[in-house]
Amino acid sequence: MWVGVAAAAVFVLGAMPGPATAQPVRARVVEVTGGSVVIDRGTGHGFTRGAGAEIATHDGSVVVRVQSASPDSARLQRPFGVPIAVGAAVRLTGAAATAKRAMPPRLSYLGIEGRIAGLVALGETEGGALLGELRMRYRARVPLALSLRLGPVGVAFGSESFGVGHAEVGVSYDHRIFEFGATVGATASEVEDDDSGLLSESLGTSTGVFFRLGARDGFYFEAGMTYSYTVNGFEWVLARFDGSIPLGFGRWLVLTATGGRTRFGIGSLGLRLLLRGGGGPGSLFLTPYFGGGGFFDRDDTTFFDDIRGPAGLLFGLGLERRY
């Protein structure tokens, strides 16, 4: 009898429903605009400002932070370089954010950028200068990049007119957070002959090295040195420095300085803007910039002494398209 009662009790207890298991709150992407991803859930479902949200992507997922929220919708940080589709699933998470503006993911693309700038002479110098530059960069899916740089090339005009020019092709090991490579090309230079002391102009074969620290499209610094064949043999003729500081989604402060024994020295500060796309193929960037510089029809070891070329303010515009 007692055995029967115990069996019945076990049956009844086993049939009773246990405590309900909490299901994760899920949402859907309804819009991708500017630097935000809009979802159809808000504070009423736990998507409060600063909360973590995991967005499903084609290659997996990305974790971002909630920027702002209302009871029925929320805006999430849009990750640069990560395609987000309308309708993608989103859920709350306590995981750390994986999307960082200073270190976006490495992207594969072919980028073509053109720049044009003008220099207006100030002070005792007169005239001006026009400069152009073309840059092409192919970043493969593996950590390899190929590049072509034509420029700066241009002409300075005033009391005397003369041209400047540089061109190079390069190959590099292109990691997400660093890059190093080598270049070959040709550079127009003006150097002092070690034997006679006379200035000598030449368009010689050049080779160089460059190094980047930081993520391209994020926070990075890049430096390059070029050596060319002159009357003194191979010697340093050109240095360049580039840097980028992210200010928000699709906005960067960019810095550039270039010069050497090439009869010019320029430096600029610009604002790079993402006009279209998310950073990968199909994206379009615009960079207005300004700065200063000078063009010198003599060896630059004396730099500003007896300048025979224009020096003043520089204004320019750059446009990049990615394929």
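Take 301 as the starting number for the sequence shown in this note's numbering and just add one per residue. We put the CB at the ideal spot given by N, CA and C, even for glycine.
In chain order, what residues of the same chain have a beta carbon less than 8 Å from the beta carbon of residue i, not counting five sequence neighbours either side?
| i | result |
| --- | --- |
| residue 602 | With a pLDDT of only 46 at residue 602, under 50, the local geometry of the prediction cannot be trusted, and no value is derived from it. |
| residue 584 | 574, 575, 576, 577, 619, 620, 621, 622 |
| residue 418 | 428, 429, 430, 431, 614, 615, 616 |
For my contact list, residue i and residue j are in at a C-beta cut-off of 8 Å; report their separation, rounded to the angstrom.
| i | j | result |
| --- | --- | --- |
| residue 486 | residue 505 | 6 Å |
| residue 616 | residue 415 | 6 Å |
| residue 420 | residue 613 | 5 Å |
| residue 540 | residue 524 | 5 Å |
| residue 510 | residue 522 | 6 Å |
| residue 395 | residue 352 | 6 Å |
| residue 372 | residue 342 | 5 Å |
Quick check on residue i: does DSSP put it in helix, strand or coil?
| i | result |
| --- | --- |
| residue 466 | strand |
| residue 579 | coil |
| residue 427 | coil |
| residue 344 | helix |
| residue 507 | strand |
| residue 249 | Nothing in the structure corresponds to residue 249, since the chain is present only between 301 and 623. |
| residue 549 | coil |
| residue 408 | coil |
| residue 298 | Lying outside 301 to 623, the shown extent of the chain, residue 298 is not represented and no answer is given. |
| residue 523 | strand |
| residue 589 | strand |
| residue 480 | strand |
| residue 373 | coil |
| residue 415 | strand |
| residue 595 | strand |
| residue 530 | strand |
| residue 396 | coil |
| residue 568 | strand |
| residue 440 | coil |
Which term fits residue i, buried or exposed, when burial requires 16 or more other beta carbons within 10 angstroms of its beta carbon?
| i | result |
| --- | --- |
| residue 623 | exposed |
| residue 387 | exposed |
| residue 538 | buried |
| residue 424 | exposed |
| residue 440 | exposed |
| residue 462 | buried |
| residue 556 | buried |
| residue 611 | buried |
| residue 564 | buried |
| residue 305 | With a pLDDT of 43 at residue 305, under the threshold of 50, the modelled position of this residue cannot be trusted; read the value that follows with caution. The residue in question, residue 305, is exposed, as its Cβ has fewer than 16 Cβ neighbours within 10 Å. |
| residue 445 | buried |
8 Å is my cut-off, CB to CB: does residue i come that close to chain D?
| i | result |
| --- | --- |
| residue 387 | The chain labelled as chain D is not found in the depicted structure, where only one protein chain is given. |
Closer than 6 Å by C-beta to residue i: which residues in its own chain qualify, once you throw out the five before and the five after it? Chain order, please.
| i | result |
| --- | --- |
| residue 465 | 453, 488 |
| residue 354 | 361, 363, 391, 393 |
| residue 479 | 472, 512 |
| residue 552 | 544, 546, 572 |
| residue 403 | 515, 518 |
| residue 536 | 527 |
| residue 422 | 612 |
Taking residue i as part of the beta strand (DSSP E), name the residues at either end of that continuous run.
| i | result |
| --- | --- |
| residue 332 | 326–333 |
| residue 390 | 389–393 |
| residue 455 | 444–457 |
| residue 617 | 611–622 |
| residue 384 | Careful: residue 384 lies outside any beta strand (DSSP E) and carries neither H nor E. |
| residue 338 | 336–339 |
| residue 352 | 352–357 |
Note down, in chain order, each residue of its chain lying with its Cβ closer than 7 Å to the Cβ of residue i, except the 5 sequence neighbours on either side.
| i | result |
| --- | --- |
| residue 379 | 362, 364, 399 |
| residue 550 | 335, 573, 574 |
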